[in-house]
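Q: In the numbering used here, the protein residues as written are 120 to 236. Encoded as structure tokens, here's the structure I'll be asking about.
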């Protein structure tokens, strides 16, 4: 369990709207579940494969987990523990943004925020 940084995959348009507001409230799935789903670094590939396969216009957020209140690691139905945030995310805790570019069949590359803004 990495207590320093956690990661969130978001749609680019959704993230841009959140940056204007200063908070991220979560995706429609997050809102339905009552918390914002995050991944540890080692879980990003699986999350992309299971929920974002070949989707475009995605951003990967790197978030300072030590700053978040209401963050709980919980076991999912697959037996793996994931970080869940039971509040909105103040965007000041996002330390990096990466644009995700899919290369082929679920593989991707990252491009740092400074390169695409």
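We treat Cβ as the ideally placed atom computed from N, Cα and C, and that holds for glycine.
In whole angstroms, what is the alpha-carbon distance linking residue 161 and residue 187?
A: Going from the Cα of residue 161 to the Cα of residue 187 covers about 20 Å.
Q: Would you kindly work out how many angstroms separate the C-alpha atoms of residue 140 and residue 207, rounded to a whole number?
A: Spanning the two alpha carbons is a distance of roughly 11 Å.
Q: In three-state terms, what does DSSP make of residue 236?
A: Its pLDDT being 37, under 50, residue 236 is placed unreliably in this model, and the coordinates cannot settle the point.
Q: In whole angstroms, what separates the C-alpha of residue 137 from that of residue 214?
A: Near 15 Å, if we compare the C-alpha coordinates of residue 214 and residue 137.
Q: So, are the CB atoms of residue 174 and residue 221 less than 9 Å apart?
A: Going by C-beta atoms, residue 174 is nearer than 9 Å to residue 221.
Q: Less than 9 Å between the beta carbons of residue 128 and residue 158, yes or no?
A: The answer is yes: Cβ separation under 9 Å.
Q: What first and last residue would you give for the alpha helix (DSSP H) that runs through residue 166?
A: Run containing residue 166: 163 to 170, per the alpha helix (DSSP H) assignment.
Q: In chain order, what residues of the same chain lie with their CB nearer than 6 Å to the CB of residue 193, ignoring the 5 residues before and after it?
A: Closer than 6 Å at Cβ, skipping near neighbours: 203.
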